[in-house]
Amino acid sequence: ILGRTGRNFAAGMSGGVAYVLDVAGDFEHRCNPGMVDLETLTDEDAAFVRQLVGRHVELTGSTPGRQVLDDWDAYRARFVKVMPRDYKRVLAAEARARAESREPAFAELIGAAG
Numbered sequence: 115i116l117g118r119t120g121r122n123f124a125a126g127m128s129g130g131v132a133y134v135l136d137v138a139g140d141f142e143h144r145c146n147p148g149m150v151d152l153e154t155l156t157d158e159d160a161a162f163v164r165q166l167v168g169r170h171v172e173l174t175g176s177t178p179g180r181q182v183l184d185d186w187d188a189y190r191a192r193f194v195k196v197m198p199r200d201y202k203r204v205l206a207a208e209a210r211a212r213a214e215s216r217e218p219a220f221a222e223l224i225g226a227a228g
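Following our numbering, the numbering of the sequence shown begins with 115 at its first residue and continues without gaps.
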């Protein structure tokens, strides 16, 4: 998200990931923290976000998107990763299962939801 968000962002967010450009530095106060964690971008996240912004600029000619790409080093640190806690637990359980070369235990996935 390259623009300003409304109040109560992420209320009820249980899956997926959002990347928000927080130019004003006040996104934390407009986000509902009940179900999500706010994280800084990893190098992998940053590469993905840069690719998304680039595609957005290609498809729309977005001026804000072009500004972000032109000064990526400055803007990168202003992005916030919005990660639902339950979704993060499911991803971690799946990663553990892959590492152990087995399917995730159903009980483990159910436990992540509660």
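Beta carbons are placed, not taken as given, at the ideal position from N, Cα and C, and that holds for glycine.
For residue i, does the three-state DSSP call read helix, strand or coil?
i: P178; result: helix
i: A207; result: helix
i: V134; result: strand
i: E214; result: coil
i: L155; result: coil
i: R118; result: coil
i: A129; result: First, the amino acid is wrong: residue 129 is Gly here, not Ala. G129: coil per DSSP, three-state reduction.
Could you spell out where the alpha helix (DSSP H) holding residue i opens and where it closes?
i: F141; result: F141 to R144
i: D187; result: W186 to R190
Check the DSSP bridge columns for residue i and list the partner residues they point to.
i: P198; result: V150
i: F123; result: C145
i: F193; result: L135
Could you tell me whether the stretch 198 to 215 touches the stretch 183 to 190, where touching means 3 or more Cβ pairs closer than 8 Å?
-> Flag = no, the stretch 198 to 215 and the stretch 183 to 190 do not touch.
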